[in-house]
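Engineer: My questions all concern the structure below.
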Amino acid sequence: MAASLSSSVTHISAYAAIDAIIKEEIPVIDLSILRNATPNQRPQLIQEIGQACKEWGCFSLINHGVPESLRTLMMEAFTEFFDLSEEERREYLGKRILDPIRHEMGISTTAEGEKYSRDFVRIFVHPAMHSPSKPQHFRAILEEYARQTREIANDLLTAIGESLGLDESYMEKALDLANGHQILVGNRYPPSPQAHQLALGLSAHSDTPLLSVVMQKGSIHGLQVMHNGRWIPVQLIPGSFFIHTGDLLEIVSNGKYKSLLHRVMLDERSTRISVVTAMGPPVENIVAPAPKLVEIVSKNSVFPSIKYVDYVELVKYNPFGKSVLDLLRI
């Protein structure tokens, strides 16, 4: 969900698939059970997380421990940022992929000529903390929200590693999660009275990092995920987070867990706000398939080793009209 340094775009028409949408419910994972599980309970939940990652690439996370008051404050802070004048926001407009704060707004066009509309601000929050200077209270809220969602992401990555048959400490150590690169992205998708002409808030894509933690405001739905060749609208449980896999997790899992293809559709009447936390390793670290999975899954690496920042550059400047994961696949 545009949570990443950049996103790996897969070119699938938004319009051809709109009428084919069906309703299915994504898996639900209870984080409180994972955190408090007895030795007998944990294997079952690990299996459920692995199944959700393998079959869906996403799940709804309940009982995650983040107070609703903090979630509301974070959402309100991003809303206030977007309500600043264009002149006040202009200082954060940027083109460089590694700018610690990068803001863009308005309508963009895909390589196929499909238009999509959103405003976003992307902020690097770990290991170094950055924040816009306005709204005045933004930084304190951002820092606490980033800390709590980072803990969630790291707990889930540990569990995902276990579901792959890796040692409990593998993900933390191999990916240096203590110094991992965390990004927060606020997205604002405007209403589109002519939704048949401008249907997209964000075109079909996968996110670059390991894992994304998504919060959306209220009952405005627009997020859709690709599942079994069809677009599924995401209906979140109130107060939950939406968790989905990214490109780097597909690499680490040696292709066992696919990066989630998703998109955002505009609502005809209402603005949609979302906040995305994306977790990855330090940007200079090399990401590679886990050696144990190379042996177990296929005897061969599905992907080569690649430095995180180099992968981001490939995504940013990819001229080949297909996803970078497909380009790298051995």
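Note that our numbering has the sequence shown beginning at 3, numbered continuously upward. Each residue gets a CB set at the ideal place from its N, CA and C atoms; glycine is no exception. Please read these numbers as outputs of a predicted model, since none were measured by experiment.
(1) Let me know the beta strand (DSSP E) ranges lying completely inside the stretch 117-146, each 3 residues or longer, listed in chain order.
(2) For the beta strand (DSSP E) that Y191 lies in, which residues bound it at each end?
(3) Helix, strand or coil: which one does DSSP assign to P235?
(4) Distance check for M107 and F83, CA to CA, integer angstroms please.
(5) What is the rounded straight-line gap between the Cα of L268 and the Cα of K301?
(6) When you compare the CB positions of L225 and V187, do they come within less than 8 Å of one another, or not?
(7) Just to confirm my understanding: we take H126, look at its own chain, exclude 5 residues before and 5 after, and list those with CB closer than 8 Å. What are they?
(8) Is there contact between the stretch 234-248 and the stretch 35-45, where contact requires at least three CB pairs shorter than 8 Å?
(9) Starting from A176, trace the alpha helix (DSSP H) both ways and give me its first and last residue.
(10) With burial defined as no fewer than 16 other Cβ atoms inside 10 Å of the residue's Cβ, what is the status of Q218: buried or exposed?
(11) Apart from the five residues on each side of it in sequence, which residues of its chain come closer than 6 Å, Cβ to Cβ, to K260?
(12) When you compare only the Cα positions, how much space is there between D287 and D32?
(13) Taking C-beta to C-beta, are H66 and I154 nearer than 8 Å?
(14) Note down, in chain order, each residue of its chain lying with its Cβ closer than 7 Å to the Cβ of K294, except the 5 sequence neighbours on either side.
(15) Considering just the uninterrupted stretch of the beta strand (DSSP E) at R104, what are its terminal residues?
(16) Do the stretch 271-280 and the stretch 161-180 touch if we need at least three Cβ pairs shorter than 8 Å?
(17) Would DSSP call D328 helix, strand or coil?
(18) Would you mind working out which of F80, D178, D157, T151 sits nearest H139, comparing C-alpha positions?
(19) Could you give the distance in angstroms between the alpha-carbon of Q150 and the alpha-carbon of V68?
(20) Give the straight-line distance between the Cα atoms of P306 and T210, rounded to the nearest whole angstrom.
(21) How far does the beta strand (DSSP E) with I31 in it reach, from first residue to last?
(22) Mapping the DSSP letters down to three states, classify Q43 as helix, strand or coil.
Structural biologist: The short version:
(1) Counting whole runs of 3 or more residues, the stretch 117-146 contains the beta strand (DSSP E) stretches 117-119, 121-128.
(2) Its beta strand (DSSP E) spans residues 183-191.
(3) P235 falls in the strand class under three-state DSSP.
(4) Roughly 12 Å between the two C-alpha positions.
(5) Our two residues, L268 and K301, have alpha carbons roughly 44 Å apart in a direct line.
(6) No.
(7) Checking the sequence, you will find Phe at residue 126 rather than His. Excluding sequence neighbours, F126 sits near P102, I103, H132, H183, Q184, I185.
(8) Short answer: they don't touch.
(9) Counting along the chain, the alpha helix (DSSP H) containing A176 begins and ends at 172-176.
(10) Label assigned to Q218: buried.
(11) Closer than 6 Å at the Cβ level, and outside the excluded window around K260, lie G59, E252.
(12) Note on identity: in this sequence residue 287 is Asn, with Asp being the wrong assignment. Between N287 and D32, the C-alpha separation is close to 31 Å.
(13) Contact: yes.
(14) Contacts found: G167, L168.
(15) Segment 103-106, the beta strand (DSSP E) holding R104.
(16) A contact is defined here as three or more CB-CB pairs under 8 Å, and the stretch 271-280 fails this definition with respect to the stretch 161-180.
(17) Residue state, collapsed to three classes: helix.
(18) That would be F80, whose Cα lies nearest to the Cα of H139.
(19) Computed Cα separation, rounded: 7 Å.
(20) In this model, P306 and T210 are separated by some 16 Å (Cα to Cα).
(21) For I31, the enclosing beta strand (DSSP E) starts and ends at 30-32.
(22) Residue state for Q43 is assigned as coil, using DSSP reduced to three classes.
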